[in-house]
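Engineer:
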């Protein structure tokens with residue numbers, strides 16, 4: 017269910033748009049000024065100095081840790097209440113512009129694990145850049161990093177680590193490396209050994225999408241599976257290839273998780289009372 021911003025209250029009431037971002041400490045900023053961000057029911061109250069009220073009709077039911085996703089990438093995160101105030105207060109999870117009449121959708125944050133598969137990386141002989149690059153891509157998905165690790169190109173160690181993370185209720189596991197056609201590339205075999213349901217379209221689309229920039233991408237054996245509510249996606253080992261493939265399929269991953277876990281439609285109802 018989409019909600020709509022009716023306007024802003026307080027010192028920002030005459031502005032059609034504000035730019036929301038964060039300082040180095042994570043405090044929210046509006047057009048460069050420190051503010052407290054709140055959702056405010058239309059016609060109810062007026063925020064104090066230093067508060068930016070985002071005026072809506074029918075404040076959605078959200079809990080600490082939930083997200084609000086706006087067009088053009090802006091995402092706000094509901095934080096823990098530190099004062100006896102019924103209004104939700106927010107942090108800027110992913111920066112962007114917020115304008116009057118913008119629509120937004122409440123989200124649950126996704127828990128993600130990033131696993132790098134590399135013989136040299138596991139021995140400390142090579143610096144992993146693909147894993148950290150994927151981690152930096154997570155906020156735009158409304159996701160938080162819960163697990164990270166490096167294992168060698170060995171089927172058993174790859175599958176064992178994935179099983180371990182699945183028991184920790186990770187929503188998505190991104191596995192970078194070992195998807196090529198060399199003798200040591202065994203990541204697809206490790207994932208298939210889990211006995212989960214394959215999602216053919218994800219691997220197919222990643223290869224098709226990235227082939228326009230690099231025809232060698234059709235040699236990738238990347239795949240994805242749905243396993244006990246966790247989506248496992250294998251990606252190329254290069255930083256560029258991993259990020260390009262992830263970016264190609266990122267728009268459908270939240271829906272995939274919601275369907276796989278049965279959570280579709282559990283967030284975003286209007287608050288009663």
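Numbering (the numbering used here), first residue to last: 17 to 289. For each residue, glycine too, the CB sits at the ideal point set by N, CA and C. Note that this is a predicted model, so its numbers are computed, not measured.
If you draw a straight line from the alpha carbon of residue 251 to that of residue 193, how long is it in whole angstroms?
Structural biologist: Mapped onto the chain shown, residue 251 falls at position 235. Mapped onto the chain shown, residue 193 falls at position 177. Roughly 6 angstroms separates the two Cα atoms.
Engineer: Report the three-state DSSP secondary structure of residue 83 (helix, strand or coil).
Structural biologist: Indexing the chain shown from 1 puts residue 83 at position 67. Strand, per DSSP.
Engineer: Measure how close the beta-carbons of residue 130 and residue 147 come, nearest whole angstrom, since I'm counting them as under 8 angstroms.
Structural biologist: Within the chain shown, numbered from 1, the residue matching residue 130 stands at position 114. Within the chain shown, numbered from 1, the residue matching residue 147 stands at position 131. Yes, they are in contact, since the Cβ atoms of residue 130 and residue 147 sit about 5 angstroms apart, within 8 angstroms.
Engineer: Could you work out which residue in 69, 232, 74 is closest to residue 34 when comparing CA atoms only?
Structural biologist: Residue 34 sits at position 18 when you count from the first residue of the chain shown. Checking every option, the nearest Cα to that of residue 34 belongs to 69.
Engineer: Determine the direct distance from the alpha carbon of residue 237 to that of residue 219, and round the result to whole angstroms.
Structural biologist: On the chain shown, position 203 is the one that residue 219 refers to. On the chain shown, position 221 is the one that residue 237 refers to. Cα to Cα, residue 219 sits roughly 8 angstroms from residue 237.
Engineer: Return the CA-CA distance between residue 170 and residue 195, expressed in angstroms with no decimal places.
Structural biologist: Translated into positions along the chain shown, residue 170 becomes position 154. Translated into positions along the chain shown, residue 195 becomes position 179. If you take the alpha carbons of residue 170 and residue 195, they lie about 12 angstroms apart.
Engineer: Please report how far the alpha carbon of residue 212 lies from the alpha carbon of residue 272, in whole angstroms.
Structural biologist: Here residue 212 refers to the residue found at position 196 when the chain shown is read from its first residue. Here residue 272 refers to the residue found at position 256 when the chain shown is read from its first residue. Approximately 15 angstroms, taken between the alpha carbons.
Engineer: From the DSSP output, read off the bridge partner residues of residue 123.
Structural biologist: Here residue 123 refers to the residue found at position 107 of the chain shown. Paired residue(s): 83.
Engineer: Please classify residue 19 as buried or exposed, where buried requires at least 16 neighbouring CB atoms within 10 angstroms.
Structural biologist: The count along the chain shown starts at 1 and reaches residue 19 at position 3. Label assigned to residue 19: buried.
Engineer: Please go through the segment 112 to 196 and give each complete beta strand (DSSP E) segment of 3 or more residues, from N-terminal end onward.
Structural biologist: Listed in chain order, they are 112 to 115, 119 to 123, 126 to 133, 159 to 167, 188 to 192.
Engineer: Counting only the same chain and skipping the five closest in sequence on each side, list residues whose C-beta sits under 6 angstroms from that of residue 137.
Structural biologist: Working through the chain shown from its first residue, we reach residue 137 at position 121. Excluding sequence neighbours, residue 137 sits near 144, 166.
Engineer: Quickly, what does DSSP pair residue 23 with across the bridge? List them, please.
Structural biologist: Within the chain shown, numbered from 1, the residue matching residue 23 stands at position 7. In the DSSP output, where bridge partners are listed per residue, residue 23 has 71.
Engineer: Skipping 5 residues on each side, what residues in its chain have a beta carbon closer than 7 angstroms to that of residue 276?
Structural biologist: Working through the chain shown from its first residue, we reach residue 276 at position 260. Excluding residues within five positions, the ones whose Cβ falls inside 7 angstroms are 242, 245, 247.
Engineer: Judging by CA-CA distance, which residue of 224, 255, 22, 254 is the nearest neighbour of residue 264?
Structural biologist: Against the chain shown, residue 264 aligns to sequence position 248. For residue 264, the nearest C-alpha among the options comes from 224.
Engineer: Which stretch, first to last residue, makes up the beta strand (DSSP E) that contains residue 258?
Structural biologist: For this step, residue 258 is matched to residue 242 along the chain shown. First-last for residue 258: 255 to 277, but that is the alpha helix (DSSP H), not the beta strand (DSSP E).
Engineer: What does the alpha-carbon distance come out to for the pair residue 176 and residue 105?
Structural biologist: Mapped onto the chain shown, residue 176 falls at position 160. Mapped onto the chain shown, residue 105 falls at position 89. Taking the straight line from one Cα to the other gives about 40 angstroms.
Engineer: Going by DSSP, what residues sit across from residue 35 in a beta bridge?
Structural biologist: Taking the first residue of the chain shown as 1, we reach residue 35 at position 19. Residue 35 is bridged to 113.
Engineer: Name the residue from 279, 168, 198 whose alpha carbon lies nearest to the alpha carbon of residue 187.
Structural biologist: As a working mapping, residue 187 is identified with position 171 in the chain shown. Comparing Cα-Cα distances from residue 187 to each of 279, 168, 198, the minimum goes to 279.
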